[in-house]
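The structure under discussion appears below in the form of C-alpha cells.
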Amino acid sequence: MKALSEFFDFSQKVNYKNEILAGLTVAMTMIPESLSFAILAGFPPLVGLYAAFIMGLVTAVLGGRPGMVSGGAGATVVVLIALMQSHGIEYVFAAVALAGILQILVGVFKLGKFIRLVPNPVMYGFVNGLAVIIFMSQLEQFKSAGGGGWLTGTTLYIMAGVGAFNIAIVVLLPKLTKAVPASLVAIIVVFAIVFGFGIETKTVEDIASVSGGFPPFHVPDIAFNVETLQLIFPYSLIMAAVGLTEGLLTLNLVDEITGTRGNSNRECVAQGSANILNGFFYGMGGCPMIAQTLVNLSAGARARLAGIVAALTILLIILFGAPIIGKVPIAALVGVMIMVAISTFEWASFSIINKMPKHDIITGILVAVITVWLHNLALAVLIGVVISALVFAWESAKRIRARHYTDSEGVKHYEIYGPLFFASTTVFMEKFDVEADPDVVIIDFKESRIADMSAIESINKLTAKYSKAGKTVRLRHLSEDSRRLLANARAVVDVNIIEDPTYKVVTDKVK
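Using the numbering used here, the letters of the sequence shown correspond one by one to residues 1149 to 1659.
Now the structure itself:
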C-alpha cells in the first residue's frame, strides 16, 4: 500500500479547498476549448469532451508532474484533420492509439530527458508564441455561431462588456482575497448576471451540445494490415512528437513555477496510455494543455487531485450537467483565457533582451514567429534547438587554440586547448606548420577532447601530411573517451599514442 501511495504521489500534502476549486475552474475552461477543437477538425463534439475526460484523468493519476492538466489540445488535433477528411474518424482513432504506443516507447526507453536540452531562448520563444496563440484563439469567439462573420452592434458590445467585466474580476479579486480562485468566481458571477438579467449573449451550447453518456469501448473499424499502418503511421508519429514536445515543455514550465522537478519519462508513458485509451473510447487524443495548467497553478493547485476533479467534473457535465453548463457565457471563459495568455507571456524577456547575445534574441523571436504563424510547436522548438546548437558549435570552434614550443631534444610540442570536433577541425589543421616542424612532433591533448569522427579524420589527415614529409606525429594525454574513439577507428587512422605513466599508491604495511 505504501508503494502504491508513493507511485500516485497521494502522500504529498494536499490543500483540498484549493485543489477542488482549481479543478472546477479548469473544467470550466477546458469544455469550450475541447468542443471548439473537435468541431474545427470535423469530429462529433462529444469526441472532444471524451478526450478531455480521458486525458485529464489518466495523466492526473499516472503523470510525471502533479498540477499539470491534459486534454484534447489543438496542437495534436490539427495533425489529424487531413486524416479525418480523407479516411474518416475510425482511422483517426487508430492513429491516436498508435501515437500512444509511440509515446510509451519514448518513456520506456527514457528518451524524455532530452527535452531538458531545450535552451532558454527557445523556451522564451515557445512560451511567448503560445501566449499569442491563446490570445488570438479567443478572438474567434467574437464571431457568430456557425462560423459566420464578426459580431456587430449590440451583440458585440455585450460580448466585449461581459468579457471585460470578467477580466476585471480576475484582476481585482486577488487584491481583496485569495481564498477562492478568481477565475472561478468570475465565471460564476458573470453567469449569474447574464442569467439573472436575461442578457442575450453567446453561450457554450451555441457551439455544440455537451450532453451524452459514458465513453463506450470501441475497436476502430479499420483493416488491420500493412497498408493501414503505412497510412496512419506518419500522422501518429507527428502527433506523438507534437504531444510530447508540448507536454514536456509544459512540464519544464511547471517545474520553474513550482520549484520542483517532474518525471519526464513517466509523463511520456502517461500520455501514451491516455492516448491509447482515447483510441478505444471515442476520444480524439491530446496532450498537456499549458493554458489550463496555468489556470490550475494560479488557482493554487499543486497536487494530482485538481486534475482528477477537473476530469470527473467534465464527465459529470457530459452525463448530467449539460443544461447548466450550456448556459455559461462564452465571454466569461474568454476573459479567463485572455488573462491566462497575459500571465503566460514572459514579459521579463523584454527587460533582459538588451543583455542577451544577439543570436539568442534572434532564436527566441524566430521560435515565437514560427509558433504563431504555423501553430506547429514541435517544428518551432526543433528549429530553435538546431539554430542554438549550430551557434554553440560555431562559438566552440573558435575557442580551440594551440601553444607550441620545442624542447631540448628538438621535439616540437603542440598543446591543444578546446574541443576538437566537426566545427573546429579547420582551425585545428591551421595550427600546424608541417614543412618547418622537426622530425618528431608531439600533440598534447591534456586540455582538449577528440569528440567525433570529423576530429578523427582531421588527425588522420594531419598524420598523413607529416608522414609524407618523413616526420612522426605522436599523441599524448588522451582522455579515455578519446582513446576509445581512436581505438574504434583504427581502420581509418593510424597514429602513435604515447602511453601516460600509471602510478600506484605505495602503502607501508605494519608488520
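Built from N, CA and C at the ideal position, the CB exists for glycine as well.
Predicted model only: the values in this text are computed from it and were never measured.
Straight-line gap, residue i to residue j (C-alpha atoms, nearest Å)
i	j	result
Val-1270	Ala-1279	14 Å
Ser-1184	Ile-1604	55 Å
Ala-1102	Asp-1581	With the chain covering only 1149 through 1659, there is no way to say anything about residue 1102.
Gly-1606	Ile-1518	Checking the displayed sequence, the identity of residue 1606 turns out to be Ser instead of Gly. Taking the straight line from one Cα to the other gives about 37 Å.
Leu-1623	Lys-1594	10 Å
Ala-1327	Ala-1451	17 Å
Ala-1489	Gly-1273	14 Å
Gly-1660	Val-1515	The chain is shown from 1149 up to 1659; residue 1660 falls before or after that span and cannot be answered.
Phe-1313	Ala-1541	51 Å
Gln-1251	Val-1244	11 Å
Thr-1173	Asn-1444	8 Å
Lys-1506	Val-1417	38 Å
Ile-1456	Asn-1423	17 Å
Tyr-1383	Val-1227	7 Å
Leu-1634	Ala-1389	35 Å
Glu-1578	Gln-1440	55 Å
His-1561	Val-1539	31 Å
His-1625	Ala-1571	22 Å
Leu-1568	Gly-1260	28 Å
Ile-1531	Thr-1554	47 Å
Phe-1468	Lys-1323	35 Å
Lys-1619	Pro-1586	7 Å
Val-1520	Ser-1412	26 Å
Phe-1343	Leu-1481	15 Å
Gly-1297	Pro-1471	27 Å
Glu-1494	Val-1621	54 Å
Thr-1325	Val-1319	11 Å
Arg-1414	Leu-1205	15 Å
Ile-1499	Asn-1268	Checking the sequence shown, residue 1499 turns out to be Ser, not Ile. Looking at the two C-alpha atoms, the distance is approximately 15 Å.
Helix, strand or coil at residue i according to DSSP, with G and I counted as helix
i	result
Arg-1686	No information on residue 1686 is available, as it lies outside the stretch 1149 to 1659 that the chain covers here.
His-1552	strand
Arg-1632	helix
Thr-1351	strand
Thr-1573	helix
Ser-1357	coil
Leu-1623	strand
Leu-1246	helix
Pro-1382	helix
Ile-1645	strand
Leu-1259	coil
Ile-1229	helix
Arg-1213	coil
Pro-1471	helix
Pro-1477	strand
Glu-1154	Annotation note: pLDDT 42 at Glu-1154 (below 50); position unreliable, no value reported.
Arg-1452	coil
Thr-1224	helix
Phe-1429	coil
Ala-1616	Looking at the sequence itself, residue 1616 is Lys, so the reference to Ala does not match. Three-state result, Lys-1616: helix.
Asp-1369	coil
Asp-1403	helix
Asp-1581	coil
Phe-1345	helix
Arg-1409	coil
Thr-1325	coil
Phe-1498	helix
His-1507	helix
Asn-1444	helix
Pro-1192	coil
Val-1417	helix
Val-1534	helix
Counterpart residues of residue i in DSSP-defined beta bridges
i	result
Tyr-1562	His-1552 and Ile-1591
Trp-1298	Lys-1291
Gly-1219	Cys-1435
Ile-1424	BP columns for Ile-1424 are empty, so no partner.
Ser-1596	Gly-1566
Min CB distance residue i to chain B below 8 Å
i	result
Ile-1465	Included in the structure is just one protein chain, with no chain B present.
Decide if the segment 1473-1480 is in contact with the segment 1331-1344; the criterion is three or more beta carbon pairs, one per stretch, under 8 Å apart.
yes
Per the contact definition of three or more C-beta pairs closer than 8 Å, is the segment 1217-1230 in contact with the segment 1433-1444?
yes
For the segment 1363-1375 against the segment 1409-1428, are there 3 or more C-beta pairs whose distance is under 8 Å?
yes
Cβ contact check for the segment 1501-1513 and the segment 1373-1380: 3 or more pairs under 8 Å
no
The segment 1186-1204 / the segment 1401-1408 touching (three or more Cβ pairs under 8 Å)
no
Does the contact criterion of 3 or more C-beta pairs under 8 Å hold for the segment 1347-1355 versus the segment 1302-1311?
yes
I want to know whether the segment 1391-1400 touches the segment 1160-1180 - three or more CB-CB distances under 8 Å.
no
Evaluate contact between the segment 1307-1322 and the segment 1253-1265, counting only Cβ atoms and requiring at least three cross-stretch pairs below 8 Å.
no
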